[in-house]
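Chain order of the listed sequences is B, P, U, V, E, C, Z and F.
Sequential numbering of the first sequence, starting at 176, is according to this note's numbering.
Sequential numbering of the second sequence, starting at 176, is according to this note's numbering.
Sequential numbering of the third sequence, starting at 176, is according to this note's numbering.
Sequential numbering of the fourth sequence, starting at 176, is according to this note's numbering.
Sequential numbering of the fifth sequence, starting at 176, is according to this note's numbering.
Sequential numbering of the sixth sequence, starting at 176, is according to this note's numbering.
Sequential numbering of the seventh sequence, starting at 176, is according to this note's numbering.
Sequential numbering of the eighth sequence, starting at 176, is according to this note's numbering.
Each residue gets a CB set at the ideal place from its N, CA and C atoms; glycine is no exception.
Beneath this line is the structure, given in structure tokens, with notes to follow.
8 protein chains.
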Amino acid sequence: MAQVDTNIDFDRARRCGQPEAIFAQGKTPEQVARIARDLYAAGNTVLATRATPEHHAAVAAVLPTARYHDTARLIVVARQTDTGAGTHSPESAESAAPTKTGAEPAAARTIVVATAGTSDLPVAEEAALTAETYGAPVMRLYDIGVAGVHRALAHTDRLEAAGVVIAVAGMEGALPSLIAGLTACPVVAVPTSVGYGAHFQGLAALLTMLNSCAAGIGVVNIDNGYGAAMLALKILGVRS
Amino acid sequence: MAQVDTNIDFDRARRCGQPEAIFAQGKTPEQVARIARDLYAAGNTVLATRATPEHHAAVAAVLPTARYHDTARLIVVARQTDTGAGTHSPESAESAAPTKTGAEPAAARTIVVATAGTSDLPVAEEAALTAETYGAPVMRLYDIGVAGVHRALAHTDRLEAAGVVIAVAGMEGALPSLIAGLTACPVVAVPTSVGYGAHFQGLAALLTMLNSCAAGIGVVNIDNGYGAAMLALKILGVRS
Amino acid sequence: MAQVDTNIDFDRARRCGQPEAIFAQGKTPEQVARIARDLYAAGNTVLATRATPEHHAAVAAVLPTARYHDTARLIVVARQTDTGAGTHSPESAESAAPTKTGAEPAAARTIVVATAGTSDLPVAEEAALTAETYGAPVMRLYDIGVAGVHRALAHTDRLEAAGVVIAVAGMEGALPSLIAGLTACPVVAVPTSVGYGAHFQGLAALLTMLNSCAAGIGVVNIDNGYGAAMLALKILGVRS
Amino acid sequence: MAQVDTNIDFDRARRCGQPEAIFAQGKTPEQVARIARDLYAAGNTVLATRATPEHHAAVAAVLPTARYHDTARLIVVARQTDTGAGTHSPESAESAAPTKTGAEPAAARTIVVATAGTSDLPVAEEAALTAETYGAPVMRLYDIGVAGVHRALAHTDRLEAAGVVIAVAGMEGALPSLIAGLTACPVVAVPTSVGYGAHFQGLAALLTMLNSCAAGIGVVNIDNGYGAAMLALKILGVRS
Amino acid sequence: MAQVDTNIDFDRARRCGQPEAIFAQGKTPEQVARIARDLYAAGNTVLATRATPEHHAAVAAVLPTARYHDTARLIVVARQTDTGAGTHSPESAESAAPTKTGAEPAAARTIVVATAGTSDLPVAEEAALTAETYGAPVMRLYDIGVAGVHRALAHTDRLEAAGVVIAVAGMEGALPSLIAGLTACPVVAVPTSVGYGAHFQGLAALLTMLNSCAAGIGVVNIDNGYGAAMLALKILGVRS
Amino acid sequence: MAQVDTNIDFDRARRCGQPEAIFAQGKTPEQVARIARDLYAAGNTVLATRATPEHHAAVAAVLPTARYHDTARLIVVARQTDTGAGTHSPESAESAAPTKTGAEPAAARTIVVATAGTSDLPVAEEAALTAETYGAPVMRLYDIGVAGVHRALAHTDRLEAAGVVIAVAGMEGALPSLIAGLTACPVVAVPTSVGYGAHFQGLAALLTMLNSCAAGIGVVNIDNGYGAAMLALKILGVRS
Amino acid sequence: MAQVDTNIDFDRARRCGQPEAIFAQGKTPEQVARIARDLYAAGNTVLATRATPEHHAAVAAVLPTARYHDTARLIVVARQTDTGAGTHSPESAESAAPTKTGAEPAAARTIVVATAGTSDLPVAEEAALTAETYGAPVMRLYDIGVAGVHRALAHTDRLEAAGVVIAVAGMEGALPSLIAGLTACPVVAVPTSVGYGAHFQGLAALLTMLNSCAAGIGVVNIDNGYGAAMLALKILGVRS
Amino acid sequence: MAQVDTNIDFDRARRCGQPEAIFAQGKTPEQVARIARDLYAAGNTVLATRATPEHHAAVAAVLPTARYHDTARLIVVARQTDTGAGTHSPESAESAAPTKTGAEPAAARTIVVATAGTSDLPVAEEAALTAETYGAPVMRLYDIGVAGVHRALAHTDRLEAAGVVIAVAGMEGALPSLIAGLTACPVVAVPTSVGYGAHFQGLAALLTMLNSCAAGIGVVNIDNGYGAAMLALKILGVRS
């Protein structure tokens with residue numbers, strides 16, 4: 176089906192703040208590579224989510240600077256004129272490890288990405304790297320779930336100072352409620368499909384988050400780290 | 176259908192620790208009164224759950240000492256030979272108000288009944304009064320939900336000292352996870368139907384509790400305060 | 176149960192930006208009135224959601240300045256020291272009608288409340304009046320659903336200029352997707368239970384919003400106009 | 176089980192307009208080949224849906240003119256006496272690519288097949304090729320989803336002129352609502368299983384389409400491109 | 176809320192074939208009356224669905240020719256210049272009874288409305304009267320469900336000759352499958368909420384219809400007789 | 176809608192063993208009375224299920240011998256030529272009470288109707304009276320649920336000797352599994368909507384019965400006592 | 176885990192009519208072989224359902240006469256003293272093919288196994304071979320679904336004469352309703368997971384069957400051909 | 176992502192009675208090994224659930240005394256100072272087989288682990304081995320499901336004497352109800368995903384257990400043998 180052109184929304188960045196990203200799942204490597212090439216040629220940073228190494232190989236064949244983040248399943252190609260923090264951060268994330276609790280204090284423009292457990296990392300990294308790719312500073316606070324509440328409380332200062340918190344949780348999904356009770360900034364809640372049995376692939380965590388008795392929480396789809404980052408970027412007014 | 180006799184399980188108390196209770200919902204006042212009379216005549220304390228004032232009127236006509244607890248929707252008739260704490264407690268609960276944080280410290284045999292919010296009271300009182308009716312000391316800790324986590328933390332000592340905690344919560348239902356992370360005693364989790372929208376009449380809170388990442392939680396049916404108390408009594412080995 | 180004190184979170188405004196509100200549904204008029212009195216005495220603006228006229232009567236008996244908004248089912252009592260826009264707006268909303276398309280242009284701090292249809296009004300007004308009560312300017316764009324797409328397109332300028340858009344929709348719930356494609360500001364999506372059959376009391380609209388292919392959407396619970404306003408206020412950094 | 180004969184409905188074409196097709200999924204290659212041979216021998220065009228290359232190999236062994244369309248997972252064997260547009264079109268679809276926006280204007284007998292995104296192609300092609308196989312002219316309008324509403328609006332003339340529109344969409348599934356608001360012709364809505372998380376394998380898009388506030392939409396099963404084409408053919412009165 | 180104007184889509188009839196109708200459920204009588212008045216003033220036939228007698232009283236106060244069909248819960252106000260069959264038919268439906276099997280033969284432009292049982296009548300009449308209001312001839316074939324298959328077979332000639340069949344069924348919802356196997360015309364399937372237990376308010380019938388093994392069926396929402404008629408009108412190309 | 180004739184299936188008794196019954200729910204008293212009159216005139220025993228006293232009043236006005244069984248919500252009119260056990264039994268059921276454990280031993284042609292609890296009586300009586308109306312001997316074994324397994328075991332002889340057992344249960348719905356392990360006769364399982372919370376109006380009991388690890392169980396719809404009796408009658412080959 | 180003995184119910188055949196069968200799915204080949212050996216040693220016919228060729232190999236190693244039916248996924252080992260029809264039939268089924276419409280007429284003791292489509296064969300054969308293994312005569316009527324109703328009607332005589340009909344159907348699952356309207360014998364309905372999209376792995380067909388408006392249908396679990404046969408055998412009183 | 180440290184809750188054992196365990200599913204072997212090493216170094220017994228042989232290999236490389244229990248999918252590393260029953264039992268469980276009905280009588284501190292069928296073994300062994308690892312005596316009663324009720328009744332004495340019963344069941348999940356009716360000790364109910372069709376991966380058994388009409392049952396998540404053991408340990412007051 177290579178002859179069927181995709182109808183790329185090249186105007187997206189001007190209209191909505193960020194360029195169109197590529198949802199790689201369900202697309203062939205060739206389709207992803209072609210869209211990536213066209214977006215890049217139009218001057219956009221290229222971001223492909225739910226990408227496999229095969230997708231990356233196809234993209235790298237036409238765009239050699241394409242990087243692959245395997246935990247987050249992301250392909251990132253910094254746009255040609257990029258020189259700043261946006262593309263620098265995720266690169267360092269791979270080479271020098273994301274510092275979970277950085278030396279610098281969280282500032283009003285910082286996105287804090289918090290997780291309840293270790294298994295939520297892929298979704299959290301998809302969020303964190305997407306935010307960094309588009310130029311926002313990110314602070315990671317991982318493994319601070321509600322069953323050991325002292326872990327989140329130890330970061331109260333950071334949570335209070337954040338611009339937005341992206342709270343990622345599977346299992347019972349109570350982390351956003353806990354955090355929203357500790358900070359005045361908006362909380363983007365991301366349910367993950369981490370769990371089993373009556374978790375129903377993330378439904379349990381999703382319902383928990385929608386029913387939070389704490390105010391100031393906006394929920395995105397299950398495992399949608401990318402969407403959480405995009406909402407956080409719009410909240411902070413970051414345009415790429 | 177008054178002629179159809181009910182097949183009462185008079186042997187229940189000997190076999191299982193407590194006598195059979197009456198689930199009044201869906202039964203006529205006459206049916207409830209007849210079963211109550213027969214249970215009482217056989218030497219049992221009578222407890223009817225989900226009872227209306229009409230049920231109570233019918234029971235009181237044959238058993239004048241029957242008391243009605245309207246928040247909990249319970250009818251209680253102390254058994255003829257009862258003289259002790261079991262029947263005393265719920266009576267005082269009505270006349271002198273259940274002291275939420277009693278002067279006496281929680282002991283190893285105390286059942287702590289905790290709620291996330293004020294709207295969970297009917298279910299919590301069904302649990303607390305059932306436990307008191309059958310002779311267990313109860314300590315009430317109401318309105319300590321996860322959105323203001325300092326409220327639960329303020330009671331850490333009491334939660335640690337309890338024999339069992341019954342944690343009652345609607346909305347996102349995260350209270351049992353929080354409490355189970357603060358105590359070594361077993362937690363009986365009761366989801367309530369308090370909520371709206373994607374709460375689906377308690378389903379959200381139920382799933383949260385089943386998926387808790389904290390250990391030591393046993394879940395009962397939505398709004399089942401009676402069942403929670405029965406499990407707590409069995410855990411403490413209280414026989415009436 | 177009047178003796179059981181409620182555990183009010185008086186510190187909420189300092190910690191999270193806005194004071195605790197009262198979820199009136201499932202509470203007795205007496206309970207609501209007592210909590211309202213205590214919150215007011217502590218210097219808070221009082222807001223009760225899902226309130227009935229009976230709730231209002233009880234509150235007005237102790238707080239005579241309590242106003243009732245019947246479409247939105249809200250009780251509002253402006254705090255004693257309030258003199259500004261926050262309390263003024265909803266009052267005028269009642270007396271002089273909310274101007275759907277105000278003369279003044281939407282500014283970066285404006286919350287646009289949009290609905291797909293007329294039946295979504297109660298939820299939209301709950302959101303709009305909550306936002307106004309806490310001091311945010313609101314612009315209403317009602318009845319601009321996706322089946323007549325020219326209606327939303329006619330407001331493209333306003334949508335682009337908004338600080339946040341609260342998009343309220345029942346039926347197929349596609350309005351947030353449409354709007355998020357027209358603006359760079361964050362969109363708070365509120366599914367409503369308006370519909371029938373396979374709408375399943377709002378589930379259809381909820382799923383639509385969670386699965387939006389447009390970026391920058393945070394979803395709240397079905398019919399949760401209050402929660403949408405609280406998220407919008409946090410996004411704009413409004414503290415009351 | 177080769178001995179168990181299948182009960183083919185040879186009378187279907189006369190009674191219902193088109194011959195019986197073969198739902199290959201869950202059938203062995205041998206079963207599909209045998210049914211194909213019998214249908215062909217009876218003078219029918221053979222169409223097998225959800226077919227694998229293995230199915231095709233088995234069919235081609237007995238019917239050498241059998242063609243396989245891999246994106247659409249269709250096997251087509253033109254009937255012996257066919258000489259016209261019906262069998263010509265899908266052949267060209269493979270060799271010369273389906274022109275998405277043909278030079279010729281859409282006419283009253285044209286079926287427009289529209290998709291929200293690129294990932295919806297397999298289902299869209301199943302619909303388009305089925306329609307072409309049975310003799311209807313098809314115009315493809317791909318990747319015109321609601322998040323970039325200008326893309327659909329650019330085709331308003333074509334949508335207004337169509338005989339039927341088949342609108343194929345996963346994710347939030349809002350495309351049929353948008354299109355039905357732009358045209359007076361009937362819209363056949365096909366939800367696809369493209370999505371993740373709370374998409375629940377197409378349920379979200381299905382519910383969206385069933386709850387559309389736009390009139391004139393008939394919904395078929397998730398991923399049922401074949402069924403959509405059959406309904407469109409019946410609407411246009413095409414008999415093969 | 177009377178001051179909030181509704182955003183009526185006056186251009187609907189030109190763009191989509193029929194004017195906007197009023198979904199009365201959830202609207203106040205005053206809201207319905209005001210919209211009805213405005214639509215009528217703009218030259219439209221007025222149709223309000225899910226209307227109560229109270230809605231009708233309010234509409235009749237401003238539009239005295241408004242008629243109420245109680246089984247179908249419809250309000251109809253023929254537009255000022257109407258003189259033809261469209262408004263005549265439903266009037267006779269009330270006064271002289273819809274002849275279930277008319278003397279005149281079904282023609283290519285006839286909409287056959289069929290039901291499985293007597294309890295499906297309200298939905299079927301909503302469909303039939305809507306179609307007649309907008310000018311299409313309707314033939315009613317009621318109570319011909321699959322459990323007594325001879326009843327449908329007795330009407331094979333009529334079903335074969337119809338332009339469209341609207342098949343309305345609750346319970347197991349198998350009627351559309353049966354009919355689609357007997358005719359070459361398109362079938363609009365309407366699941367009804369008639370049933371109990373595992374019917375889940377129409378879900379069972381809805382799923383049956385979506386999964387039909389017969390081709391040529393388009394499904395609308397549960398109990399959506401109006402929507403079925405609108406689809407049928409578009410299929411036949413009737414414009415009002 | 177009185178003019179719309181219902182399409183009664185007068186041939187049902189000859190073809191299927193029993194005449195058509197009337198599902199009264201959702202029909203007006205007038206509709207029920209008219210159908211009852213016509214069925215009776217054609218020589219059938221009349222049975223109306225889910226009937227209200229209002230339905231009965233309307234039927235009794237045209238058929239004075241119509242009896243109403245309020246627990247079972249049944250209207251029964253014995254056919255004109257009936258003289259035997261069929262009509263006698265349900266009459267005695269009302270006047271002299273159904274003997275739960277009759278003196279006569281269960282025989283190969285006896286239908287045992289068993290319930291788990293007292294709240295299942297309405298459904299059980301619908302089954303028992305339907306069976307008796309059409310001429311089958313019935314033995315009632317009520318309140319023998321699995322939580323007190325000795326109660327069912329006490330009736331092992333009767334269960335072994337039965338022709339069919341209809342096992343009626345709400346709550347966890349385990350009774351059919353227990354009984355099917357004690358007898359070689361077929362078991363008709365009827366889930367009831369008795370329960371609350373995660374019972375989901377009978378869904379829990381329904382799933383339990385469908386998943387029984389005991390062989391020989393056929394399940395009918397939730398609360399469908401009538402359907403259970405009809406299946407039992409067909410199993411025993413009783414024709415009325 | 177080979178040391179953990181299984182608690183075989185050797186008394187099952189005496190108590191319930193047929194011996195315990197082995198549900199092979201989820202058991203290791205060694206577990207299945209051991210249970211098979213023990214059942215056989217105790218004089219039982221051995222039947223293992225959901226068995227793989229690996230299961231069969233392990234069983235055949237200890238019981239060389241074990242036969243494997245791959246379509247039905249059954250292992251059968253005739254008991255040592257068996258000489259009659261029960262073991263003969265399924266053997267001939269494999270060697271000489273099950274005659275779908277046998278020369279001999281259906282008699283009162285015949286089980287008719289009917290399917291809606293070819294894809295339902297594995298479940299139908301599981302039912303048919305189980306019935307034959309335990310000694311009942313079986314007549315197969317395959318591929319007679321409701322979309323071509325003439326196919327079922329052609330077998331009206333056979334359906335009327337049967338002792339029981341097992342109706343197996345996926346997709347919309349309407350076959351049992353159709354058949355129950357044509358015969359006075361009981362119908363065992365087996366939903367299959369054949370379908371896609373909104374079929375939800377058999378849920379759609381299951382709900383259809385539970386909601387049938389035809390009387391005399393008992394439903395078993397999705398794909399449970401074995402359970403259907405066991406119910407049919409109990410209905411006919413066949414003991415092995 | 177090896178650089179991202181996990182936030183281990185080393186204080187868990189002191190606070191909650193048992194140390195944190197590792198949920199291996201979804202974690203890489205390296206992640207599991209690193210956490211195991213750290214927990215062990217801090218003086219804890221290490222328990223990893225849902226572990227694969229690959230997980231075990233990685234753990235054994237750093238902790239050579241790590242044992243793997245394949246049925247239960249558990250990795251156990253006894254803590255350095257352990258000498259007692261806790262670590263002894265599971266070791267013997269592997270080498271000498273868990274005696275299902277031990278010679279010693281069940282005592283007040285014994286945990287009885289009961290299953291309905293053989294297929295429930297993996298979950299039951301996860302529970303039993305977890306309990307033994309932390310020092311509790313365990314008695315196994317396997318394959319005593321409700322379809323052959325004599326099997327459970329044969330163990331009445333043991334069930335009455337137990338401290339806690341963990342009842343593990345898939346299919347209809349009725350075992351906990353049966354057992355809770357036979358004993359006064361608390362019952363921990365574990366639904367398993369063993370089943371098919373309408374079992375919905377354990378949902379059916381879960382609902383059964385939540386709706387039990389027997390008192391004294393606490394339910395854990397589907398297949399959560401570990402969680403059941405943890406609750407049982409807390410009920411008995413075992414601290415490791």
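- Listed along the chain, the chain V residues whose CB falls inside 9 Å of the CB of Leu357 (chain E) are Arg190 and Cys191.
- In the DSSP annotation of this structure, the continuous segment of the alpha helix (DSSP H) that includes Ala236 (chain B) starts and ends at Pro228 to Val237.
- Around the beta carbon of Ala379 (chain P), 16 or more other beta carbons lie within 10 angstroms, which makes this residue buried.
- Among the CB atoms of chain E, one or more fall inside 7 Å of the CB of Leu385 (chain Z).
- Per DSSP, Met384 (chain F) is one residue of the alpha helix (DSSP H) stretching across Leu378 to Leu385.
- Shown in chain order are the members of the stretch 396 to 415 of chain B whose Cβ falls below 7 Å from a Cβ of chain V: Asn396, Ile397, Asp398 and Asn399.
- Collapsing the DSSP output to three states places Leu316 (chain C) in a strand.
- Listed in chain order, the positions of the stretch 301 to 319 of chain B with a beta carbon within less than 7 Å of a beta carbon of chain F are Tyr317, Asp318 and Ile319.
- Counting only residues of its own chain and dropping the five nearest sequence neighbours on each side, Thr358 (chain U) has a CB closer than 7 Å to the CB of Leu334, Glu335, Ala337 and Val340.
- With 16 or more other CB atoms across the displayed protein chains lying within 10 angstroms of its CB, Gln376 (chain U) is buried.
- Taking 9 Å as the upper bound on Cβ-Cβ separation, chain C lies near residues Ala355, Gly356, Leu357, Thr358, Ala359, Cys360, Pro361, Val362, Val363, Ala364 and Leu381 of the stretch 351 to 381 of chain Z.
- For His244 (chain V), the secondary structure class from DSSP, reduced to helix, strand or coil, is strand.
- Checking the DSSP bridge columns, you'll see Thr290 (chain U) partnered with U:Val343.
- When Cβ-Cβ separations below 7 Å define contact, Glu347 (chain C) makes contact with chain F.
- Contact annotation: Ala403 (chain F) and Val395 (chain F) have beta-carbon atoms nearer than 7 Å.
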